[in-house]
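A quick write-up on the structure given underneath.
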Amino acid sequence: MPPIADTVLIILLLTNFFILGTASMRAMIRVVALQGILLSLLPIFVESHATLRLVALVFATAALKGLVIPSLLFKAVRDVHINHEIEPYLGFIPSLFLCATGTAAALLFADQLPLAAAHKSSLFVPASLATLLAGFLVLTTRRKAISQVAGYLMLENGIYVFGLLLYQSMVVEVGVLLDLLVGIFVMGIVLNHIQREFSSLDTEHLSRLRE
Amino acid sequence: MVIVLVIVPLVAALLAFMVPSDRVRPWIVAVTGAAHTAAAVAVVSLGFRLTNISPWLELDALGSLGIVLVSIVFLVCAVYSIGYLRIRSERPNRVFCTVLLVFLSMTSLLMLSQHLTVMWVAMEATTLATALLLYFNQNQRSLEATWKYLMVGSVGIALALLGTLFLAYSALIGLGEPTLLFSDLVRRAPGLSAPWLRTAFVFLLVGYGAKMGLAPLHTWKPDAYGEAPGVVGALLAGGMTTCAFITLLRVYRVADAGGQGDFARSLLIALGLLSMATASVFMVGQRDFKRLLAYSSVEHMGILVLGIGIGGPGIFAALLHTVNNALVKGVLFLSAGNIHRAFKSKRLEDVTGAIRRLPISGSLFLVGFLAITGAPPFGPFVSELLILTAAIDAQRYVVAALYLIFLAVIFIGMGSTVLAVVQGEPPEDPDGKTYRESPMKVVPMIVSLVLVLIMGIWIPGPVTSLLEAAAKLLGV
Numbered sequence: 246m247p248p249i250a251d252t253v254l255i256i257l258l259l260t261n262f263f264i265l266g267t268a269s270m271r272a273m274i275r276v277v278a279l280q281g282i283l284l285s286l287l288p289i290f291v292e293s294h295a296t297l298r299l300v301a302l303v304f305a306t307a308a309l310k311g312l313v314i315p316s317l318l319f320k321a322v323r324d325v326h327i328n329h330e331i332e333p334y335l336g337f338i339p340s341l342f343l344c345a346t347g348t349a350a351a352l353l354f355a356d357q358l359p360l361a362a363a364h365k366s367s368l369f370v371p372a373s374l375a376t377l378l379a380g381f382l383v384l385t386t387r388r389k390a391i392s393q394v395a396g397y398l399m400l401e402n403g404i405y406v407f408g409l410l411l412y413q414s415m416v417v418e419v420g421v422l423l424d425l426l427v428g429i430f431v432m433g434i435v436l437n438h439i440q441r442e443f444s445s446l447d448t449e450h451l452s453r454l455r456e
Numbered sequence: 003m004v005i006v007l008v009i010v011p012l013v014a015a016l017l018a019f020m021v022p023s024d025r026v027r028p029w030i031v032a033v034t035g036a037a038h039t040a041a042a043v044a045v046v047s048l049g050f051r052l053t054n055i056s057p058w059l060e061l062d063a064l065g066s067l068g069i070v071l072v073s074i075v076f077l078v079c080a081v082y083s084i085g086y087l088r089i090r091s092e093r094p095n096r097v098f099c100t101v102l103l104v105f106l107s108m109t110s111l112l113m114l115s116q117h118l119t120v121m122w123v124a125m126e127a128t129t130l131a132t133a134l135l136l137y138f139n140q141n142q143r144s145l146e147a148t149w150k151y152l153m154v155g156s157v158g159i160a161l162a163l164l165g166t167l168f169l170a171y172s173a174l175i176g177l178g179e180p181t182l183l184f185s186d187l188v189r190r191a192p193g194l195s196a197p198w199l200r201t202a203f204v205f206l207l208v209g210y211g212a213k214m215g216l217a218p219l220h221t222w223k224p225d226a227y228g229e230a231p232g233v234v235g236a237l238l239a240g241g242m243t244t245c246a247f248i249t250l251l252r253v254y255r256v257a258d259a260g261g262q263g264d265f266a267r268s269l270l271i272a273l274g275l276l277s278m279a280t281a282s283v284f285m286v287g288q289r290d291f292k293r294l295l296a297y298s299s300v301e302h303m304g305i306l307v308l309g310i311g312i313g314g315p316g317i318f319a320a321l322l323h324t325v326n327n328a329l330v331k332g333v334l335f336l337s338a339g340n341i342h343r344a345f346k347s348k349r350l351e352d353v354t355g356a357i358r359r360l361p362i363s364g365s366l367f368l369v370g371f372l373a374i375t376g377a378p379p380f381g382p383f384v385s386e387l388l389i390l391t392a393a394i395d396a397q398r399y400v401v402a403a404l405y406l407i408f409l410a411v412i413f414i415g416m417g418s419t420v421l422a423v424v425q426g427e428p429p430e431d432p433d434g435k436t437y438r439e440s441p442m443k444v445v446p447m448i449v450s451l452v453l454v455l456i457m458g459i460w461i462p463g464p465v466t467s468l469l470e471a472a473a474k475l476l477g478v
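Respectively, the protein sequence lines represent chains A and B.
Residue numbers for the first sequence follow the working numbering, so the first one is 246 and each next one is one higher.
Residue numbers for the second sequence follow the working numbering, so the first one is 3 and each next one is one higher.
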């Protein structure tokens, strides 16, 4: 695994912090798009031959995670005329602190797990787990439906990173892509309905069903 | 041949989507359901080794049990929905009927799948299909329930995917190739990398556990079951949770074969008891009888994994309880749906005297409550007792004591709500229009209840041998 892959993964880890630290919805979506582009670079480092499959994977990832889905989210932000603040349940400083703790825990935990010889000394496993945790954090502590979708995307990104370690078995990416496509598609429809019913995308409105 | 069980419902779904009439469509669903049940019973009784098409799709004992059970639950719900959709004729049912059939197809695929990725795709498809079913009423409350369901469900399914990848990695390190075929994994399990196998099991347990509705990832359940039409609740509580449980059992089988059985079982016991505890807290004093049923479902999912966690004879008991639970949930959710319709409310403040207003549904709701809480002579009595004796045999006295305490608390809590619903005088009906219990909406429940009664008095021979074969797969 060339060190350049680790550089990409470190940038990925930094973007997690940025997403948790920003108060602007647009900036958040832009960084999620950046994550998508970063992910699309990673397959190049696990496969040395320029096969058709590799090229297709790189372009599909960049197009979907870097372009299509972020622009759908941008469209949602434009359409609902909500204010573009993130409005977290949990403040930015505690969020960043939790993200740092999560990243450290991911590094420690990944250190305990054995790796295949080809994957030694690479950050794939900790970066995957840390991104997953950061996504979970965004999902649970941000109020608006759009930021929750962004959190879910980060969660997916974390899984994608790990999936690359299993590059030789095709089924893995089929699963990841399907999940991404369908999940976001359906969430998109529901987003649309939430907006129509409540004229807002604040999930605070979704709190009638309580004990 | 066995793939027919997947393809026919899909073709029927396409047909239902194209048929223009809202009255014909529910019949397509019901007829397909009946054909599916007949075919499933035929395939299973002909022997499940007969019909392999590829190593990826094969009907083992566990899948046979699941496919017949889900098919029966589906048929019950499909017949009921003919009556239900007739009174909801103001709402187009094209999507509803199509999605019901897709659900049937995907659950069949799930039961057939012998490959973790196929199984995961089937579970994902079922999740998405049920999200559309939940949204049938298209109001703010059902939207909220759907959103929460999608969020928790998607996170669960994402974690399950990561767990699947971990398992593949465990195979990559231990066996040199990332196989995800169950037959391979079980056969070569001792070679799997233990730390990765344990991590994989935790992620898969949390992921598929969220689909089952095990605490603490049960939060979608009260909202979803509370807002969905009764028939969707019955399908989720009897069908989808059964699917998720079967996937979990398959994963458990790999973990057990890989020498992580004790680790897996202790986690299952912990989650089982936690789910029962959570359910008992929220069931006492519950004012909403549909949410009550949701917590009852959390409880019984807890009982299922508890039975597996105890191991030995507990595995057979848990499988038996899967059958009983799915059938009783049909009775409970469908009768609750009728009561909800008739009173236009599901809160105790507005609903009393259900037996007076709806003699059949009201009585069935009461009898369903007695059955699910383990009163003889119904099926759950037998399975719940077997789990208790399994715990005592295994000398897990603390587990047995907690299990009994939770069952007792839940019996009292659930009982007070159910009795408040069925007893007393019904309030005046402002519209003066009484809700009629048409045969279509009553017969499916009675059939379900009779099956539960049979399971309690005398379990038919073929069912016993199927349960034993499935338990044997899980290492008894």
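Even for Gly, the Cβ is constructed at its ideal location relative to N, Cα and C.
Residue i: contacting residues in chain B (beta-carbon distance under 7 angstroms)
i	result
E401/A	A160
Y334/A	Ordered by position in chain B, no residue passes the 7 angstroms Cβ test against Y334/A, which lies about 14 angstroms from the chain.
Q280/A	Those do not exist, as Q280/A stays about 16 angstroms from chain B at its closest Cβ, beyond 7 angstroms.
L410/A	Y171
Residue interval of the alpha helix (DSSP H) (run including residue i)
i	result
W122/B	L118 to L136
P248/A	P248 to G266
F371/B	P361 to I374
W29/B	R27 to S47
D225/B	W222 to E229
G65/B	A63 to I89
E470/B	G463 to L475
Alpha-carbon spacing of residue i relative to residue j, whole angstroms
i	j	result
T100/B	A355/A	44 angstroms
F105/B	V31/B	11 angstroms
Y1/B	A133/B	Absent from the structure is residue 1/B, since the part of chain B shown begins at 3 and ends at 478.
A131/B	L114/B	19 angstroms
L216/B	I249/A	42 angstroms
L372/B	A266/B	32 angstroms
G176/B	R190/B	9 angstroms
A362/A	L112/B	35 angstroms
T243/B	L409/B	20 angstroms
E330/A	S144/B	27 angstroms
E92/B	A392/B	51 angstroms
P231/B	M416/B	21 angstroms
P339/A	A349/A	15 angstroms
Cβ separation of residue i and residue j, assumed to be a contact under 8 angstroms, to the nearest whole Å
i	j	result
Y334/A	R388/A	6 angstroms
A380/B	V454/B	The amino acid occupying residue 380/B in the given sequence is Phe; Ala does not appear at that position. F380/B to V454/B, Cβ: 5 angstroms. Contact.
K331/B	G228/B	Their Cβ separation, rounded to whole angstroms, is 15 angstroms, which puts K331/B and G228/B out of contact at 8 angstroms.
Y210/B	A162/B	5 angstroms
L219/B	G158/B	6 angstroms
L183/B	Q262/B	That pair is no contact at about 19 angstroms.
M278/B	I305/B	7 angstroms
A196/B	P180/B	17 angstroms between Cβ atoms; not a contact.
Cβ neighbours of residue i in the same chain (closer than 8 angstroms, five flanking residues each side left out)
i	result
V233/B	C79, Y82, S83, Y86, F335, L336 and G339
V406/A	L254, L257, L284, L287, F369, A372, S373 and T376
L390/B	A402, Y405 and L406
Proximal chain B residues relative to residue i, where beta-carbon distance stays under 8 angstroms
i	result
F369/A	Going along chain B, no residue has its Cβ under 8 angstroms from F369/A, so there is no contact; the nearest lies around 10 angstroms.
I404/A	A160, L163, L164 and L167
Contacting residues, own chain, Cβ-Cβ under 6 angstroms from residue i (five flanking each side not counted)
i	result
A127/B	M108
D225/B	A147 and K150
K348/B	D290, F291, K292 and H342
P428/B	G355, R358 and R359
Heavy atom of the ligand ADP within 7 angstroms of residue i beta-carbon
i	result
A257/B	The ligand content of the structure shown is nil, which means the ligand ADP is not present either.
Within chain A, the residues that residue i reaches when beta carbons sit closer than 9 angstroms
i	result
W198/B	L358 and P359
S195/B	L358 and P359
T201/B	F354 and L358
Under 7 angstroms by beta carbon: chain A residues contacting residue i
i	result
L187/B	By Cβ distance, chain A contributes nothing, its closest Cβ being about 13 angstroms from L187/B, past 7 angstroms.
I89/B	Ordered by position in chain A, no residue passes the 7 angstroms Cβ test against I89/B, which lies about 24 angstroms from the chain.
I175/B	P359 and A361
Under 9 angstroms by beta carbon: chain B residues contacting residue i
i	result
F407/A	L164, L167, F168 and Y171
L377/A	A160, L161 and L164
S269/A	What S269/A touches in chain B: nothing, since even the nearest Cβ is about 23 angstroms away.
Chain A residues whose Cβ lies nearer than 8 angstroms to that of residue i
i	result
V157/B	F381, L384, Y397 and L400
M153/B	L384, Q393 and Y397
7 angstroms CB neighbourhood of residue i in its chain, flanking five on each side removed
i	result
V449/B	V78
V291/A	L409 and Y412
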